[in-house]
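So in full-length UniProt numbering, the last spot in the sequence shown is 141, and the numbers never skip. Take a look at the structure below.
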Amino acid sequence: MLLNVSYNDKKITKKINEAVGKTIPLKKRFAMGGIGSPKLYITEASIDIYNLLVLDNSTNSCNVEMRPNGIIVRFRSRLETYALIIPYYKLNVYKGDIGIYSIYMDHYFIKVRSDTKAIQRFFRKLMDHRADNLPTNLEDL
């Protein structure tokens, strides 16, 4: 779900917490080595996200925050901040071309440049965290 999170709204905060869980406690964040990504540069996006990004002339960038049950991809357009809320069971991450990661959820997608080791390490950490917190499938039983 794509939401405008520029303002502190209790209804939106409740929606986010129900979808991906509350923020990870501080002690666990240190143990994990952080829960946020470095600055990610967007190379391509779905039409809904692209229509928001094209409104201003700044460089299109985003960041990813890990939560217990999903991720939040945040980006800015003009003076507004938008968040793409993705539960782990809807998250698909692909490593396509050299140095490009694609984050998919339903009909939304964002492709980001992966030109540093820090970004590659973050995506590896994200996939490990997802594997640990994904619900058990029937085939696994």
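Positions of the beta carbon are idealized from the N, C-alpha and C atoms, including for glycine. Owing to the predicted nature of the structure, the values given are computational and were not obtained by experimental measurement.
What does DSSP give as the partner residue(s) for residue i in the beta ladder?
{"i": "VAL109", "result": "The sequence given here has Phe at residue 109, not Val. Partner(s): TYR104."}
{"i": "ALA83", "result": "LEU3, ARG74"}
{"i": "GLY21", "result": "Looking at the DSSP assignment, GLY21 forms no beta bridge with any residue, so it has no partner."}
{"i": "ASN63", "result": "ARG74"}
{"i": "LEU40", "result": "CYS62"}
{"i": "LYS95", "result": "TYR101"}
{"i": "ALA131", "result": "Paired residue(s): none; ALA131 is not in a bridge."}
{"i": "ALA45", "result": "ILE110"}
For residue i, which option in the options has the closest C-alpha, if you only look at C-alpha atoms?
{"i": "ALA19", "options": "THR136, PHE122, TYR89", "result": "TYR89"}
{"i": "ASN69", "options": "ILE110, ASN4, SER6, ILE35", "result": "ILE35"}
{"i": "ASP106", "options": "ASP56, ILE47, GLU80", "result": "ILE47"}
{"i": "LYS28", "options": "ASN4, MET66, ASN8, MET1", "result": "MET66"}
{"i": "LEU91", "options": "LEU55, ILE110, VAL5, VAL54", "result": "ILE110"}
{"i": "ASN17", "options": "LEU52, SER6, ILE85, TYR7", "result": "ILE85"}
{"i": "TYR104", "options": "GLN120, ILE72, ASP132", "result": "ILE72"}
Please report the distance separating the alpha-carbon of residue i from that of residue j.
{"i": "SER77", "j": "LEU126", "result": "25 Å"}
{"i": "THR59", "j": "LEU26", "result": "31 Å"}
{"i": "ILE12", "j": "LEU3", "result": "8 Å"}
{"i": "SER102", "j": "LYS95", "result": "6 Å"}
{"i": "PHE123", "j": "MET1", "result": "21 Å"}
{"i": "LEU134", "j": "ALA83", "result": "21 Å"}
{"i": "ASP9", "j": "ASN51", "result": "24 Å"}
Return the chain-ordered list of same chain residues with a C-beta closer than 7 Å to the C-beta of residue i, the five sequence neighbours on each side being excluded.
{"i": "ASN63", "result": "GLY36, SER37, LYS39, LEU40, ARG74"}
{"i": "THR136", "result": "none"}
{"i": "THR81", "result": "VAL5, SER6, ARG74"}
Keeping to the same chain, check which residues put their C-beta closer than 8 Å to that of residue i; ignore five residues upstream and five downstream.
{"i": "GLY99", "result": "ARG113, SER114, ASP115"}
{"i": "LYS22", "result": "ARG67, PRO68"}
{"i": "LEU53", "result": "ILE42, ALA45, ASN60, PHE75, SER77"}
Quick one: does residue i have its CB under 9 Å from some CB of chain C?
{"i": "GLY36", "result": "Reference to chain C is not applicable here, since this structure consists of a single protein chain."}
Any chance the CB of residue i is under 8 Å from a heavy atom of the ligand ADP?
{"i": "ASP115", "result": "The ligand ADP is absent from the structure shown, which contains no ligands of any kind."}
By Cβ distance below 6 Å, which residues in the same chain neighbour residue i in space, the five residues on each side in sequence not counted?
{"i": "ILE119", "result": "PRO38"}
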